[in-house]
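Residue numbers (my numbering): 437 to 578.
Note that CB positions come from ideal geometry on N, CA and C, so glycine has one too.
For reference, the structure discussed in these notes is given below.
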């Protein structure tokens, strides 16, 4: 599946390297050096400590390429996130570039950036506090 630069996939704008002929976002596995997650307050103007929206965090991923260029992808919001940057590692036929764990109250959310079958993917996994089931949403796939 191809996405054009500027398109949105599950609320995420595709901002990768764009083929000048087709306009399609292109990310090749040998060009990615690392993925870092950025965490910022989503609502920095809220000062009421009893308002749960005060603690909501805006999440983005910075994809660093071999040539030193960095592309940022907005991934939405979550609560209680702690940043991690992973040196590329292999697991379950995936080359994992980064994970972000988010725990808040009874919520459990994980963002993961990886390569699988020559596709670069960033997904969000939400674990239900009720029954432990996992809902996976692909935020970016190239």
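So, at 7 Å on beta carbons, what are the nonlocal neighbours of residue i in its own chain, with the 5 sequence-adjacent residues on each side left out?
i, result
"residue 552", "529 and 530"
"residue 565", "542 and 543"
Residues in the same chain with beta-carbon distance under 8 Å from residue i, minus the five sequence neighbours each way, listed in chain order, please.
i, result
"residue 479", "489, 490 and 492"
"residue 506", "498, 499 and 500"
Residue i: which of the options sits nearest, CA to CA?
i, options, result
"residue 578", "549, 571 and 513", "549"
"residue 475", "527, 541 and 512", "512"
"residue 575", "486, 484, 509 and 543", "509"
"residue 540", "482, 472, 516 and 484", "516"
"residue 555", "532, 536 and 568", "532"
"residue 477", "567, 547 and 518", "518"
"residue 467", "486, 503, 567 and 568", "503"
Under three-state DSSP, which class holds residue i?
i, result
"residue 578", "coil"
"residue 481", "coil"
Ends of the beta strand (DSSP E) at residue i?
i, result
"residue 553", "Segment: none, residue 553 is in no beta strand (DSSP E) and carries neither H nor E."
"residue 512", "506 to 515"
"residue 498", "492 to 501"
"residue 534", "530 to 540"
"residue 565", "No beta strand (DSSP E) contains residue 565, which DSSP labels as neither H nor E."
By Cβ distance, which residues of its chain are closer than 6 Å to residue i, with the 5 residues on each side in sequence left out?
i, result
"residue 545", "514, 538 and 562"
"residue 560", "547, 573 and 575"
Below 8 Å on the Cβ atoms is my contact criterion, and I expect residue i with residue j to pass it. Report the Cβ-Cβ distance as a whole number of Å.
i, j, result
"residue 497", "residue 558", "6 Å"
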